[in-house]
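Asker:
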Amino acid sequence: MATLYYLILVPMVYLAVAVFVLGIIWRIGRLLAAPAAPAPPPIYPSRKPAWLFAMGDAFLLPTVLRHNFRLWLALALFHLGLLALLLGHLELIADFKILQVIPHGIFLGHGFVGLIVILCLIYFLCRRMASPTKELSVPEDYLLLVLFLFTALFGAQMDWARTWYDYSGMGVDEYRAYLSSLIALKPDIEGVSGSGHSFMLVGHVFFANLLIMAFPFTKLMHAIFTFAMNKFRRG
Amino acid sequence: MEAQLKNDLVKVFKSKLSSQMLLNLDTCSRCGLCTEACHAYASIPLVKYAPAYRAEVVRRIYKRYFTSQGKFAPVMGEAKEITDAALIELKEAAFSCTGCRRCMVYCPFGIDTQQIMSIAKLLLVAAQAEPETLSMLADMSVSKGENIDAFKEGFLEGIKGLETQMIETWRDEAGADPIPTDVIGADLLYVALAGAHSIIPSARIFNAAGEKWSLSFFEAVNFGAFVGDPTKTKLILDRIVNEAKRLRVKEVCICECGTAVRVAKQLKGAPFKVVSLTEVHARYIRQGRIKLKKLPGSYTYHDPCQIARNGGVYDEPRYILKHLVDDFREMSPDPKYNWCCGGGGGLVAMGDETLDFRMQSARVKAEQMRGSGAEVVVTACENCHTQLSDLNKHYGLGKEVRFLSSLVADALLPEPQGARG
C-alpha cells in the first residue's frame, strides 16, 4: 500500500504536470502552426471593442444566461467554485498576501465551496443523461465529469473532516509540507501517508492527476480556446 | 470505400484545417444549448437536426484522423473512419443545415456550425457525392464565365425584351437606355438574378435616382457556395470581379440574394465597394434621390440570415419600410434571433427534391409569420422569398410575400428627384 501511495503522490504527480504542460504547449503550437484562412463574417450586430465583449462572453456566459438560466447558474457556481478551490490550493503552496485581503482560513467557504461544486457536477451529470444532451454526448463527456466528481468528493471530504468535524490528524501544515517538498523536488510524503485520512488525499491526488493529464487532449481545452472563439464571433 | 479515395478524403479534410477551423472543432463541450437555436430541430425535434450533432458527425471523423485522442482512445470521442455510411451521414448533416448561424448566437463559445459543415460539403464534392443539381448549376455558372461571348447575344436579346416591358409600364422614367449594360466608367455595377423580377424594379429605381449604372452580364447567385466547392465559388465570383474591374465601377451592388451578398462582401482588397441592393435603396431615400408614397396594409420584414445576422444589414430595410408603410410589425422581438426561413444553404435551389423537408423543418418560421399578424411579409433575398412563399402556401397563412425592392419600385413617386431626362 505504501508503494502505491508513493507512486500516486510523487511520480504520478510529476508525470501529470509534465503531460499537462507539454500537452498544452503542443495544442497551442499546433493551432499557431495551422494555416490562417479568410475569417468568416462575425455575428451582427457587432459591438466594439470586440475584444472586451468577447471577454465578457467568455467570463459571464451571457448567451447561456439568456437561454437557460438553470444551466447558467450551475456553470457560474461551478466555475467560481473551481476558482476558489484553485486559490485555496495556491495558498497551500505559499502565503499570498493578496489572497488574504479579506482574512480567511485556508480554503474559502468553510467547506461549502466543495459542496456546491459537487452539487453542480451531479446536476451536469444528470443533465447529460437526459435528452437531447444525452444523444449529443460521447464517453469523454461522462468520464470527465466522473473524474471531476471523484476529485471533488475526495478533496471535499478532507476539507469537511477538518472544518466540520474538527479532525486534526492531517491538516494544512501536512499538506503544505508535502506540496513544498514536491516543488523543491525533494518529495516527502511522510506527513500525509500515515493518517487515517490519507486514503482521501491519495484518492484526491489520483483523480486530479488523471484530470490534469486529460486536460490537453479533451474538450477541457475550451477553458483556453473560449477567448479566441468568442473573439472570432465578435469580429 | 476504396483505400485511395479514403486517403484522398483525409487529405481534403486536412486542407480545411485552418487555425479557426481547429478551434471550431476542438472547443465544443456538447452542452446542447444550440439545439433549441436551430429551426429544423425546433420544428422536427430529432437530435440529428441539432447543430452540435451535425458538427459531431464531422468532428468524429476529425478525431479519428487528426487528434491523439482519436488515435489512442477512439472510444472516448466516438471517433469514426470515413466510410460510405459516414458520407451519407455527412450529406444529411450538411444539407439539413441552412448555414443561418443562429446556433452561433446561442453557443457560449460561438462555434460556427456552418464552417464545420463546409468540411462536410467539401468531402462530399471530393467523393462526388454532392447533390447533383447544385453541382450542375455551379458548373453552368462557371462555364458562362469562361464563354461569355457565347451567352452575350442571348442575354442582350432578353434585356431588350425587358426594356420593352419597362417602356410600356413607365414610359416617362425609363429614359433612353432603360437597362444599360457594359457601361465603362459606370458608378455602379448591378448584379441581378436571372429573371425580370430581379431586374425591372431595380432598373426603375436606379433610373429614378439618376444612378450611372450598368447591369452585369452575370447572375449574382453563387451555386459554388451552396454546393460547398471553394474553387467554383471563387470562379463564379471572379466573373463579377473581372467585369467590375473592366468597367472600372466604384461600387458593385448585389441584388436581393443573401448568399451572393455574403460571398461578395467577403472580398478583400477589391478596387470597388460591395453593397447590397437594400443598402443602396436606403441611401437613395436618405439622399432624397427617390421619393416614396405610403403603401396601404400591414407589413412585417423577414431578415435574410446572410444579409442581417451574417452581414449586419438590419437598419436599412427598416429605414426603407418606415418610408413605405405606416403599419410595420417586427417579426421577432430581436431581429438577431429571427428564425431562418429554412431555405438557405442550397435547399431552395435543390427545388422539389427538398420541398418536404423545407416545409417540415420551417414550421416555426410559418408560426412566426402567422404570429406577426401582418398581411404582407417582406424580404430581401430570393431564397427566402421562394421559401416563405412555399410556407405561405403549405401552411395556408394567407399572406402576401413581397421583395423589398419591388415594394420600393411600386411606391416610387412619379416625379422622383434627380431622375434622368
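Same order as they appear, the protein sequences are chains Y and S. Each number in the numbering used here corresponds to the 1-based position in the first sequence with 16 added. Each number in the numbering used here corresponds to the 1-based position in the second sequence with 998 added. Just so you know, even glycine gets a beta-carbon here, dropped at the ideal spot from N, CA and C. Note that the coordinates shown come from a computational prediction; the quantities given were computed from them, not determined experimentally.
Given 8 Å as the limit, is there contact between the segment 1187-1195 of chain S and the segment 1216-1225 of chain S, that is, 3 or more CB pairs closer than that?
Answerer: Touching, per the Cβ criterion.
Asker: Quick one: any contact between the segment 131-143 of chain Y and the segment 196-215 of chain Y, if contact means 3 or more CB pairs under 8 Å?
Answerer: No: the two stretches stay apart, fewer than three of their Cβ pairs being nearer than 8 Å.
Asker: Check whether the segment 69-83 of chain Y and the segment 154-167 of chain Y touch, using three or more Cβ-Cβ pairs below 8 Å as the test.
Answerer: At 8 Å Cβ cutoff, the stretches do not touch.
Asker: By the 10 Å Cβ neighbour count, where 16 or more other Cβ atoms means buried, how is G1419/S classified, buried or exposed?
Answerer: Unreliable positioning characterises G1419/S in this predicted model, as indicated by a pLDDT of 38, which lies under 50. A coordinate reading is not provided.
Asker: Please check if any C-beta of chain S sits within less than 8 Å of the C-beta of H83/Y.
Answerer: With 8 Å as the cut-off, H83/Y counts as an interface residue toward chain S.
Asker: I think K1334/S touches V1103/S, with their Cβ atoms under 8 Å apart; what is that distance to the nearest whole Å?
Answerer: Rounded, the Cβ-Cβ distance is 6 Å, consistent with contact.
Asker: Thinking just about the alpha-carbon of each residue, which of T1276/S, N1240/S and A1223/S is nearest to the one in P1199/S?
Answerer: Taking only the C-alpha atoms, the option nearest P1199/S is T1276/S.
Asker: Can you pull out the residues from the segment 1102-1136 of chain S whose beta carbon lies closer than 8 Å to at least one beta carbon of chain Y?
Answerer: Here the close residues are M1102, V1103, Y1104, C1105, P1106, F1107, G1108, I1109, D1110, Q1112 and Q1113.
Asker: If you draw a straight line from the alpha carbon of I1318/S to that of V1375/S, how long is it in whole angstroms?
Answerer: Distance between the alpha carbons of I1318/S and V1375/S: 14 Å.
Asker: Are the CB atoms of A1124/S and L1023/S nearer to each other than 8 Å?
Answerer: Not in contact: A1124/S and L1023/S (Cβ atoms no closer than 8 Å).
Asker: Can you grab the Cα-Cα spacing for the pair S1359/S / T1131/S, in whole Å?
Answerer: If I take the Cα positions, the gap works out to 21 Å.
Asker: Please work out which residues of its chain come closer than 7 Å, Cβ to Cβ, to I132/Y, disregarding the five sequence neighbours upstream and downstream, and give them in chain order.
Answerer: Counting only Cβ-Cβ distances below 7 Å, and skipping sequence neighbours, we find L93 and G97.
Asker: Measuring alpha carbon to alpha carbon, tell me which of T19/Y, I24/Y and A18/Y ends up nearest L226/Y.
Answerer: Among T19/Y, I24/Y and A18/Y, the Cα nearest to that of L226/Y belongs to I24/Y.
Asker: From the DSSP secondary-structure annotation, give me the bridge partner or partners of S983/S.
Answerer: As displayed, chain S neither begins before 999 nor continues past 1419, which places residue 983/S out of reach and without an answer.
Asker: If you drop the 5 nearest sequence neighbours on each side, which residues of the same chain put their C-beta closer than 7 Å to that of M1348/S?
Answerer: Cβ within range, chain order: P1129, T1131 and L1132.
Asker: According to a CB-to-CB cut-off of less than 9 Å, which residues of the segment 58-77 of chain Y neighbour chain S?
Answerer: Within the segment 58-77 of chain Y, the residues whose Cβ lies closer than 9 Å to some Cβ of chain S are P58, I59, Y60, P61, S62, A70, D73, A74 and L77, listed in chain order.
Asker: So, with DSSP's three-state summary, where would you put T1179/S?
Answerer: The answer is strand: DSSP assigns T1179/S an E or B state.
Asker: Can you check which of these residues, S1212/S, L1411/S and Y1039/S, is closest to S147/Y by C-alpha distance?
Answerer: Comparing Cα-Cα distances from S147/Y to each of S1212/S, L1411/S and Y1039/S, the minimum goes to Y1039/S.
Asker: Counting only Cβ-Cβ distances shorter than 8 Å, please list the residues of the segment 212-246 of chain Y near chain S, keeping chain order.
Answerer: Cβ contacts with chain S come from F233, T234, K235, M237, H238, F241, T242, A244, M245 and N246.
Asker: Under 7 Å between beta-carbons, which chain Y residues line up against A1048/S? List them in chain order, please.
Answerer: Chain Y residues near A1048/S: P148 and L152.
Asker: Please work out which residues of its chain come closer than 7 Å, Cβ to Cβ, to G185/Y, disregarding the five sequence neighbours upstream and downstream, and give them in chain order.
Answerer: So the list reads S211, G212 and H213, once near-sequence residues are dropped.
Asker: Quick check on the DSSP output: what are the complete alpha helix (DSSP H) runs of length 4 or more inside the segment 1069-1138 of chain S, in order along the chain?
Answerer: Within the segment 1069-1138 of chain S, the complete alpha helix (DSSP H) runs of at least 4 residues are 1072-1075, 1082-1092, 1100-1104 and 1111-1124.
Asker: Using C-beta distances below 6 Å, list every residue in its chain close to M28/Y, excluding the 5 sequence neighbours before and after it, in chain order.
Answerer: Excluding positions up to five away in sequence, the list reads N225.
Asker: What are the boundary residues of the beta strand (DSSP E) that includes D1324/S?
Answerer: Unbroken beta strand (DSSP E) run through D1324/S: V1323 to E1328.
Asker: Would you tell me roughly how many angstroms separate the C-alpha atoms of M999/S and A172/Y, rounded to the nearest one?
Answerer: Rounded to the nearest angstrom, the two C-alpha atoms are 52 Å apart.
Asker: Under a CB-based cut-off of 8 Å, is R1244/S close to chain Y?
Answerer: Not closer than 8 Å to any Cβ of chain Y, the Cβ of R1244/S fails to qualify, so no.
Asker: Can you find a C-beta in chain Y that's less than 8 Å from the C-beta of T1096/S?
Answerer: With 8 Å as the cut-off, T1096/S does not count as an interface residue toward chain Y.
Asker: Quick check on R192/Y - is its C-beta less than 8 Å from some C-beta in chain S?
Answerer: No, no contact with chain S.
Asker: According to DSSP, is R1400/S helix, strand or coil?
Answerer: Of the three classes helix, strand and coil, the one that applies to R1400/S here is strand, per DSSP.
Asker: Give me the chain S residues within the contact set of L47/Y, using Cβ-Cβ distance strictly less than 9 Å, ordered along the chain.
Answerer: Result: S1017, L1020, L1021 and D1024.
Asker: Whole angstroms are fine: how far does the CA of G1344/S sit from the CA of S1224/S?
Answerer: Reading off the sequence, residue 1224/S comes out as Phe, not Ser. F1224/S and G1344/S: Cα-Cα distance of roughly 5 Å.
Asker: Distance check for K1291/S and V1323/S, CA to CA, integer angstroms please.
Answerer: Rounded to whole angstroms, V1323/S to K1291/S spans 8 Å at the Cα level.
Asker: Around the C-beta of K1069/S, are 16 or more other C-beta atoms found within 10 angstroms, so that it is buried, or is it exposed?
Answerer: Classification of K1069/S: exposed, given that the 10 Å Cβ count is below 16.
Asker: Shortest alpha-carbon distance to V957/S belongs to which of V1259/S, I1283/S, A1280/S and H1279/S?
Answerer: Coverage of chain S is limited to positions 999 through 1419, which leaves residue 957/S absent and any answer about it impossible.
Asker: When the cut-off is 8 Å and only beta carbons count, does R249/Y lie next to chain S?
Answerer: So yes, R249/Y belongs to the interface.
Asker: Would you mind telling me which residues of chain S sit closer than 9 Å to L159/Y, beta carbon to beta carbon, in chain order?
Answerer: Residues of chain S passing the Cβ test: M1074.
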